[in-house]
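Visitor:
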């Protein structure tokens, strides 16, 4: 009996030991699996920080405007009698562009001229008769006043007749016509725009701290989206005498030769001004910089020894950086990164300080200080 009981106790002990041992093993494996899932390595792309020699440069955005530009409109009301231009053509200063009906005004002018001629005869007669005292001085003075009044009315009517002819105030290119033959137009109604396109101005703004770096006559390079591969070279012609109290920016105007009239008023332009001397900068792709409310950061890749399987481990270390000027896809890093540091360029949104990472640079995007549009 005792022997059977001992055998049963041993059997029960073995079963219980096996159960508890299995549960302990399973719990350990689950814990290890959860630990691995809690912080799996994140796949990122990286690049080694390099150095480039850049010319210090000020960058700004601005708008083009004509040296002379005006929206032509009549000073008096009238019906369009004749149109003497074609939309888009070049015209010289003084060219007759539009005539308004002026028959009534011209007739009234002729009547006033006749009255003035009569007043002139009366006054000339008074001057002759005054010498022989055949007419009083008062009569002569009255006729002189009448003559001057008639002359003033003639001048006023001549001006009114002149207003019925709209002429080009300066040489330039005509825009698209906005009125039609026979149309009645009121004073101020736009007829057509006239722009003198060569030279052309670019107005832009710079912070007040950059004022000491620029001067009148300094070379400027402008680019517009219309011609992305072409640089337009000009010079600074004027710096405003007032700094905007709200923005602390100052307006600057540059002038550009525009013989082909590629630049038109109202275009958006980017402006580059070379200042200072060339310097060597640590540069990174713009995608390597992660911007947030606390400052600009980047993720450095550091070695973290080996894992349990003997594989090399790498972690991402978050550092604050100070950035400078940009060139194309590149940005200068003034502090926080040293040459040859390996920096994450893609996948930062999955990282935090100390994240384990797996590097995959099989698919990378080329980064350039002078990117070009692909022909493919």
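In this note's numbering, the protein residues as written are 15 to 390.
Think of the CB as a built atom: it goes at the ideal place given N, C-alpha and C, for glycine as much as any other residue.
The structure displayed is predicted, hence computed values, not measured ones.
Hey, out of 273, 285, 271, 369, whose CA is closest to residue 265's CA?
Guide: Here residue 265 refers to the residue found at position 251 of the chain shown. Among 273, 285, 271, 369, the Cα nearest to that of residue 265 is on 285.
Visitor: Ends of the alpha helix (DSSP H) at residue 127?
Guide: Within the chain shown, numbered from 1, the residue matching residue 127 stands at position 113. Here the alpha helix (DSSP H) through residue 127 covers 117-145.
Visitor: Could you check which residue in 137, 151, 187 has the C-alpha nearest to that of residue 165?
Guide: Translated into the one-based positions of the chain shown, residue 165 becomes position 151. The candidate whose alpha carbon is nearest that of residue 165 is 137.
Visitor: Here's the rule: buried if 16 or more other CB atoms are within 10 angstroms of the residue's CB, otherwise exposed. What is residue 283?
Guide: In the chain shown, the residue the question calls residue 283 occupies position 269. It is buried - the Cβ of residue 283 has at least 16 other Cβ atoms within 10 Å.
Visitor: Quick check on residue 308: does DSSP put it in helix, strand or coil?
Guide: As a working mapping, residue 308 is identified with position 294 in the chain shown. Residue state, collapsed to three classes: coil.
Visitor: Quick one: using the 10 Å Cβ neighbour count with 16 as the cut-off for buried, is residue 161 buried or exposed?
Guide: For this step, residue 161 is matched to residue 147 along the chain shown. The residue is buried, with at least 16 neighbouring Cβ atoms inside 10 Å.
Visitor: Of all the options 220, 177, 280, which has the alpha carbon lying nearest to the alpha carbon of residue 92?
Guide: By 1-based counting over the chain shown, the position of residue 92 is 78. The shortest C-alpha separation from residue 92 is found at 177.
Visitor: Hey, is residue 201's beta-carbon within less than 9 Å of any beta-carbon in chain B?
Guide: The chain labelled as chain B is not found in the depicted structure, where only one protein chain is given.
Visitor: Within a Cβ cutoff of 7 Å, which residues of the same chain sit near residue 134, ignoring the five residues on either side of it in sequence?
Guide: Start at 1 with the first residue of the chain shown, and residue 134 comes out as number 120. Correct list, in chain order: 161.
Visitor: Quickly, what does DSSP pair residue 248 with across the bridge? List them, please.
Guide: As a working note, residue 248 is residue 234 in the chain shown. Residue 248 pairs with 234, 270.
Visitor: Use the C-beta contact count for residue 75: other C-beta atoms within 10 angstroms, 16 or more gives buried, fewer gives exposed.
Guide: Against the chain shown, residue 75 aligns to sequence position 61. So residue 75 counts as exposed.
Visitor: Return the chain-ordered list of same chain residues with a C-beta closer than 8 Å to the C-beta of residue 389, the five sequence neighbours on each side being excluded.
Guide: Along the chain shown, read from residue 1 onward, the residue named residue 389 stands at position 375. Bear in mind that the predicted position of residue 389 carries a pLDDT of just 47, short of 50, making it unreliable; the figure below should be weighed with that in mind. Once the five neighbours on either side are set aside, residue 389 has no close Cβ partner at all.
Visitor: Taking DSSP's pairing of strands, which residues face residue 263 in a bridge?
Guide: Sequence index remark: in the chain shown, residue 263 carries index 249 (1-based). Beta-bridge pairing links residue 263 to 221.
Visitor: For a minimum of 3 consecutive residues, which ranges assigned as the beta strand (DSSP E) are wholly contained in the region 336-363?
Guide: The region 336-363 contains these whole beta strand (DSSP E) runs: 336-341, 344-349, 356-360.
Visitor: DSSP state of residue 164, grouped into three classes?
Guide: Numbered from its first residue, the chain shown carries residue 164 at position 150. It is helical.
Visitor: With C-beta atoms as the reference, is residue 214 less than 9 Å away from residue 132?
Guide: Along the chain shown, one-based indexing puts residue 214 at 200. Along the chain shown, one-based indexing puts residue 132 at 118. Cβ distance not < 9 Å, so residue 214 and residue 132 don't count as in contact.
Visitor: Kindly indicate the opening and closing residues of the beta strand (DSSP E) around residue 96.
Guide: Here residue 96 corresponds to residue number 82 of the chain shown, with the count starting at 1. First-last of the beta strand (DSSP E) with residue 96: 92-97.
Visitor: Could you check which residue in 145, 163, 140 has the C-alpha nearest to that of residue 153?
Guide: Indexing the chain shown from 1 puts residue 153 at position 139. Of the candidates 145, 163, 140, the one whose C-alpha sits nearest the C-alpha of residue 153 is 140.
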